[in-house]
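Numbering (the numbering used here), first residue to last: 27 to 427. Where a beta carbon is used, it is the ideal one built from N, C-alpha and C, also for glycine. Source: prediction; values computed, not measured.
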Ligand SMILES: [Zn+2]
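Written out as structure tokens, the structure reads:
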């Protein structure tokens, strides 16, 4: 990429690129000092208590700083995880900052700024594919990928020069199904960029091994207060100290799974300032050490809404049981979904792989989920949302949810 093009990425991009590079050599003490200075300033302004979505909804002005339209605008969180939240953000700076960190994460898959991407992430438009010159990215519209269009899609994709595939973990496999496994293996995919939702470590590693393609994976959330990348050394998630501050606090009431809530403090100086904000996401606190000093969680257990009720009536985060499965389990299936139709019972929808050992699938899950009755259903496909995403967990239970 040329210097002129990179200059277009803007001053906040370069400031954060510099911060990322510097913070790589910080010790745990350096990180603490950097974060504490900012946290103390925010605590003086907003208090030091943990805040929740409802605080920002009922008193948006309380957390607002430097709201200067048109330099600031309203951002709304997605509606898939409950009622959306509207907040104010810096129009230019936020995007530039975001890019600095995402590009750093994507570099793990070999990506360099302005490399060609094919995006299959729910950017719905009426054409099958649309080119975005500024992003150097082709956007494939999931809703346009009807049976009648698949021939065109395959023809188009097979003529592309080497590219990075930018997906949700759950839409990656939809994309492979759409273009066909055989063709997909022949495509010059340089790497996969898959974030914004859970990607079980075992499934991710199987994909890398099976297809010989590296995957960059990360955790972020719609309020842009903290961001973590999945580490190749420990398979855990490290939070960038210069992006925002992440705390892992015990879930309340403390549950048997030992899960932690992800509490996020944004270091953004313009717009809504999220201060010790309960993201509603859950993580498993890290065990052991990693050479990387950034704050770490050993896995992200998913949205706290992805919670099932076991036979004893206890609530449990599904991600903890499923995302940690390693080994050959993932070789036996193409897709998976858990449906809670009544408390104490989960219906497991499985799209088996051609060589699937169904007994092993059932044995593995029964072994990991002894606290709930499991029913298995083998299907040819799992229904997707309009954006190509498949949900890991669906609750149809009439019981308390
Ligand atoms: Zn690590």
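Residue i to residue j span [Cα, whole Å]
{"i": "residue 246", "j": "residue 255", "result": "9 Å"}
{"i": "residue 317", "j": "residue 259", "result": "8 Å"}
{"i": "residue 166", "j": "residue 172", "result": "12 Å"}
{"i": "residue 395", "j": "residue 120", "result": "41 Å"}
{"i": "residue 68", "j": "residue 61", "result": "11 Å"}
{"i": "residue 196", "j": "residue 228", "result": "14 Å"}
{"i": "residue 38", "j": "residue 284", "result": "38 Å"}
{"i": "residue 35", "j": "residue 364", "result": "41 Å"}
{"i": "residue 383", "j": "residue 347", "result": "20 Å"}
{"i": "residue 53", "j": "residue 47", "result": "13 Å"}
{"i": "residue 50", "j": "residue 78", "result": "31 Å"}
{"i": "residue 276", "j": "residue 287", "result": "6 Å"}
{"i": "residue 244", "j": "residue 266", "result": "11 Å"}
{"i": "residue 58", "j": "residue 359", "result": "43 Å"}
{"i": "residue 393", "j": "residue 194", "result": "28 Å"}
{"i": "residue 191", "j": "residue 127", "result": "18 Å"}
{"i": "residue 305", "j": "residue 289", "result": "6 Å"}
{"i": "residue 421", "j": "residue 41", "result": "44 Å"}
{"i": "residue 95", "j": "residue 56", "result": "36 Å"}
{"i": "residue 427", "j": "residue 112", "result": "Below a pLDDT of 50, predicted positions are generally treated as unreliable, and residue 427, at 38, falls in that range; no measurement from the model is reported."}
{"i": "residue 203", "j": "residue 357", "result": "16 Å"}
{"i": "residue 504", "j": "residue 224", "result": "Residue 504 cannot be examined here, being either before or after the span of the chain that is shown, 27 to 427."}
{"i": "residue 71", "j": "residue 301", "result": "10 Å"}
{"i": "residue 181", "j": "residue 155", "result": "12 Å"}
{"i": "residue 45", "j": "residue 118", "result": "18 Å"}
{"i": "residue 87", "j": "residue 273", "result": "24 Å"}
{"i": "residue 76", "j": "residue 82", "result": "12 Å"}
{"i": "residue 175", "j": "residue 151", "result": "14 Å"}
Which of helix, strand or coil DSSP assigns to residue i
{"i": "residue 258", "result": "coil"}
{"i": "residue 157", "result": "strand"}
{"i": "residue 146", "result": "strand"}
{"i": "residue 380", "result": "coil"}
{"i": "residue 52", "result": "coil"}
{"i": "residue 152", "result": "coil"}
{"i": "residue 248", "result": "coil"}
{"i": "residue 65", "result": "helix"}
{"i": "residue 366", "result": "strand"}
{"i": "residue 190", "result": "strand"}
{"i": "residue 172", "result": "coil"}
{"i": "residue 409", "result": "coil"}
{"i": "residue 301", "result": "coil"}
{"i": "residue 372", "result": "strand"}
{"i": "residue 276", "result": "strand"}
{"i": "residue 282", "result": "The predicted position of residue 282 is uncertain, since its pLDDT is 49 and thus under 50; a value taken from the coordinates is nonetheless stated next. Note: residue 282 maps to coil in three-state DSSP."}
{"i": "residue 332", "result": "coil"}
Pick from the options that is closest to residue i, judged by C-alpha positions
{"i": "residue 91", "options": "80, 173, 114 and 100", "result": "114"}
{"i": "residue 211", "options": "62, 196, 239 and 220", "result": "239"}
{"i": "residue 345", "options": "163, 419, 80 and 117", "result": "419"}
{"i": "residue 237", "options": "214, 319, 223 and 224", "result": "214"}
{"i": "residue 291", "options": "222, 57 and 65", "result": "65"}
{"i": "residue 296", "options": "63, 55, 174 and 100", "result": "100"}
{"i": "residue 248", "options": "103, 84, 80 and 140", "result": "103"}
{"i": "residue 161", "options": "403, 74 and 122", "result": "122"}
{"i": "residue 251", "options": "264, 219 and 271", "result": "271"}
{"i": "residue 339", "options": "328, 327 and 366", "result": "366"}
{"i": "residue 159", "options": "146, 140 and 153", "result": "140"}
{"i": "residue 134", "options": "219, 328, 402 and 253", "result": "219"}
{"i": "residue 209", "options": "231, 177, 97 and 154", "result": "177"}
{"i": "residue 207", "options": "379, 82, 401 and 400", "result": "379"}
{"i": "residue 116", "options": "144, 299 and 84", "result": "299"}
{"i": "residue 26", "options": "144, 221 and 222", "result": "Since the first residue shown for the chain is 27 and the last is 427, residue 26 is missing from the structure and cannot be characterised."}
{"i": "residue 328", "options": "89, 81, 320 and 310", "result": "310"}
{"i": "residue 73", "options": "84, 308 and 89", "result": "89"}
Cβ neighbours of residue i in the same chain (closer than 7 Å, five flanking residues each side left out)
{"i": "residue 336", "result": "342, 370, 397 and 398"}
{"i": "residue 234", "result": "240 and 241"}
{"i": "residue 407", "result": "377"}
{"i": "residue 131", "result": "242, 244 and 255"}
{"i": "residue 136", "result": "216, 217 and 240"}
{"i": "residue 361", "result": "199, 377, 408 and 416"}
{"i": "residue 43", "result": "126"}
{"i": "residue 157", "result": "164"}
Same chain, Cβ closer than 8 Å to residue i, neighbours up to 5 away in sequence not counted
{"i": "residue 262", "result": "256, 312, 316, 322, 323, 324 and 325"}
{"i": "residue 389", "result": "none"}
{"i": "residue 355", "result": "228, 386, 387 and 390"}
{"i": "residue 405", "result": "375, 376 and 377"}
{"i": "residue 18", "result": "The structure shown has nothing for residue 18, since the chain only spans 27 to 427."}
{"i": "residue 381", "result": "357 and 358"}
Neighbourhood of residue i by C-beta distance below 6 Å, restricted to the same chain and skipping five residues each side
{"i": "residue 183", "result": "205"}
{"i": "residue 93", "result": "114"}
{"i": "residue 186", "result": "none"}
{"i": "residue 253", "result": "127, 246, 266 and 269"}
Interface flag, residue i vs chain B, CB-CB below 8 Å
{"i": "residue 46", "result": "Of the protein chains in this structure there is only one, and it is not chain B."}
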